[in-house]
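30 is the number of the first residue of the sequence shown in the numbering used here; add one for each residue after it.
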Amino acid sequence: MYKFIPIVLLSVFVLACPGSEGSSPGAVGNDTSSNGGGQDTSVSTVACGEVLHCSRDNNCSDSDNIGACVQACAVELGAASVGTWEAYAACSAEQCSFCDVDNEDCLGGCIFLNCTSEWFECMSHQTSGTADCAETFACNDACSDGDLHCLQDCVEKASVEGQAAYFPVLECFANSVANNGSGDECAELAVDCACSHFDAMQGTAECTEFLDCTDECEDDLCCFPECRSKLNEEAQAQSDVLMDCIFDKCSNCEDGDDECWGTCIGENCMESVWTCQCPDAPASGTGTADCSTAFECITDGCEGKGPCCAPTCLGEASPEAYEQLDAFFGCIQDCGCGDGEDFCWLQCLTAKCKDEREECGVSLGGLGGF
Numbered sequence: 030m031y032k033f034i035p036i037v038l039l040s041v042f043v044l045a046c047p048g049s050e051g052s053s054p055g056a057v058g059n060d061t062s063s064n065g066g067g068q069d070t071s072v073s074t075v076a077c078g079e080v081l082h083c084s085r086d087n088n089c090s091d092s093d094n095i096g097a098c099v100q101a102c103a104v105e106l107g108a109a110s111v112g113t114w115e116a117y118a119a120c121s122a123e124q125c126s127f128c129d130v131d132n133e134d135c136l137g138g139c140i141f142l143n144c145t146s147e148w149f150e151c152m153s154h155q156t157s158g159t160a161d162c163a164e165t166f167a168c169n170d171a172c173s174d175g176d177l178h179c180l181q182d183c184v185e186k187a188s189v190e191g192q193a194a195y196f197p198v199l200e201c202f203a204n205s206v207a208n209n210g211s212g213d214e215c216a217e218l219a220v221d222c223a224c225s226h227f228d229a230m231q232g233t234a235e236c237t238e239f240l241d242c243t244d245e246c247e248d249d250l251c252c253f254p255e256c257r258s259k260l261n262e263e264a265q266a267q268s269d270v271l272m273d274c275i276f277d278k279c280s281n282c283e284d285g286d287d288e289c290w291g292t293c294i295g296e297n298c299m300e301s302v303w304t305c306q307c308p309d310a311p312a313s314g315t316g317t318a319d320c321s322t323a324f325e326c327i328t329d330g331c332e333g334k335g336p337c338c339a340p341t342c343l344g345e346a347s348p349e350a351y352e353q354l355d356a357f358f359g360c361i362q363d364c365g366c367g368d369g370e371d372f373c374w375l376q377c378l379t380a381k382c383k384d385e386r387e388e389c390g391v392s393l394g395g396l397g398g399f
């Protein structure tokens with residue numbers, strides 16, 4: 030996301046450098062029709078972002094008097110843009126005066142972290158195009174790192190709605206960088222923006238195909254929304270419930286930490302997984318079987334029968350049996366015993382989970398002789 034960082038922010042020098050005295054942006058846009066032939070800028074329509082275009086075109090960064098060069102561009106600002114320019118220039122001068130005049134990386138990073146909203150407001154004020162948020166995101170993604178002019182062009186091409194949707198993404202990443210974050214907290218905003226064109230799409234696939242599709246996703250930001258777009262209406266609703274659960278319960282898991290994701294989803298979202306993966310299985314706890322029967326169905330009857338056997342067994346359990354089974358399996362999971370750890374299992378089933386096992390009606394003889 031450092032592609033968002035601007036590097037040539039000449040407005041720093043409008044308020045901070047010698048040569049700009051008496052030419053404060055606060056005076057720009059006032060009626061000068063009686064100033065002895067001066068230009069009347071009260072009817073000018075030059076927008077805030079055009080000042081930076083002008084500064085670039087006039088090579089103000091190479092000028093002996095940068096402040097005067099930029100101010101010459103700012104003097105034709107339309108009255109409606111003066112306040113926006115003032116806010117941007119004032120923030121730049123206040124926050125970034127410690128940067129050397131030729132240290133563009135310092136200026137860019139400083140503005141990105143401290144004046145994000147002022148910069149964006151200047152770029153988008155009275156200037157818009159037709160691009161939506163996804164097109165704006167893609168436009169910026171094609172920019173070279175730190176290319177302010179490229180980013181400015183992207184913002185100016187965006188529609189008013191596209192700009193409004195894009196700014197929260199930019200602001201989130203700026204705040205993340207300022208707080209030494211990884212940017213992961215901005216992922217949902219980025220996906221909502223960059224992948225919005227998939228929202229209205231609908232296909233014919235079942236939800237189980239969503240799981241197969243997303244299993245192939247790697248670093249493609251829009252892979253999940255694209256997979257969703259292939260689903261039918263019911264399957265999309267099922268996948269939404271599943272993804273909401275994962276985002277809500279497992280946001281602490283890092284990318285690539287399969288163990289964390291697997292454990293978290295297994296503990297918190299399996300009902301949603303099964304609804305998606307096994308739509309024909311009955312809802313858990315809607316049958317008549319007792320707890321021990323449902324337990325044996327899962328532990329003895331599901332080997333080699335595919336991923337939908339266990340949820341089918343749970344669906345055949347009565348409401349009371351399902352609660353008992355859920356408590357028993359939850360206790361077993363808390364024991365943390367692995368394959369071959371016989372002593373751990375013995376401790377788990379005879380001591381730690383004795384009450385839950387007996388409540389379910391499961392005998393030790395049915396658990397491998399314990």
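Where a beta carbon is used, it is the ideal one built from N, C-alpha and C, also for glycine.
Computed from a prediction, not measured in an experiment: that's the story for all the values here.
By the Cβ neighbour-count rule, THR159 is exposed, with fewer than 16 other Cβ atoms within 10 Å of its own. Rounded to whole angstroms, the separation of the alpha carbons of CYS293 and GLY369 is 24 Å. For VAL391, the secondary structure class from DSSP, reduced to helix, strand or coil, is coil.
A contact between stretches requires three or more CB pairs, one per stretch, nearer than 8 Å, and the region 253 to 261 meets this requirement with the region 230 to 237.
If you draw a 10 Å sphere on the C-beta of ALA193, you find fewer than 16 other C-beta atoms in it, and that means exposed. Only residues of its own chain outside the window of five on either side were considered, and among them LEU142 have a CB closer than 7 Å to the CB of ALA207, listed in chain order. DSSP places VAL104 in the coil class of the three-state scheme, outside both helix and strand. Contact check for THR315 and GLY335: beta-carbon distance about 20 Å, past the 8 Å limit, so the pair fails to qualify.
For SER121 against ILE140, the beta-carbon gap comes to about 6 Å, under 8 Å, which counts as contact. Comparing alpha-carbon positions, the option among THR341, CYS377, GLU283, GLU238 lying closest to GLN265 turns out to be GLU238.
Runs of the alpha helix (DSSP H) lying entirely within the region 289 to 349, each at least 4 residues long, are 299 to 306, 320 to 330, 338 to 345 in chain order.
By the Cβ rule, the region 340 to 358 does not count as touching the region 273 to 292, because fewer than three pairs are nearer than 8 Å. For ASN169, the enclosing alpha helix (DSSP H) covers residues 162 to 170. The region 242 to 254 makes contact with the region 212 to 227; the number of CB pairs closer than 8 Å reaches 3 or more. In the structure shown, ALA76 adopts coil according to DSSP, grouped into three states. Here the alpha carbon of PHE127 sits roughly 12 Å from the alpha carbon of GLY137. For the pair ASP161 and PRO348, the Cα-to-Cα distance works out to about 49 Å.
Going by beta carbons, PHE166 and VAL198 fall inside the 9 Å limit. If you check the CB distance, THR145 and GLY78 do not come in under 9 Å. Judged by their CB atoms, VAL184 and PHE149 are nearer to each other than the 9 Å cut-off. Around CYS224, the same chain offers CYS251, PRO254 as residues with beta carbons nearer than 6 Å, after the five sequence neighbours per side are excluded. The three-state secondary structure of LEU271, taken from DSSP, is helix.
For ALA229, the three-state secondary structure derived from DSSP is coil. Taken atom to atom, the span from the alpha-carbon of ALA318 to that of GLY365 is near 28 Å. Here CYS389 is not near SER313, since their CB atoms are 9 Å or more apart. If you check the CB distance, CYS102 and CYS83 come in under 9 Å.
DSSP lists ALA160 as the beta-bridge partner residues of ALA187. Using a 10 angstroms sphere on the CB of ALA171, the tally of other CB atoms stays under 16, which defines it as exposed.
By the criterion of a C-beta distance shorter than 6 Å, CYS168 is surrounded in its chain by CYS183, once the five residues flanking it on both sides are discounted. Bounds of the alpha helix (DSSP H) holding ALA223 are 216 to 223.
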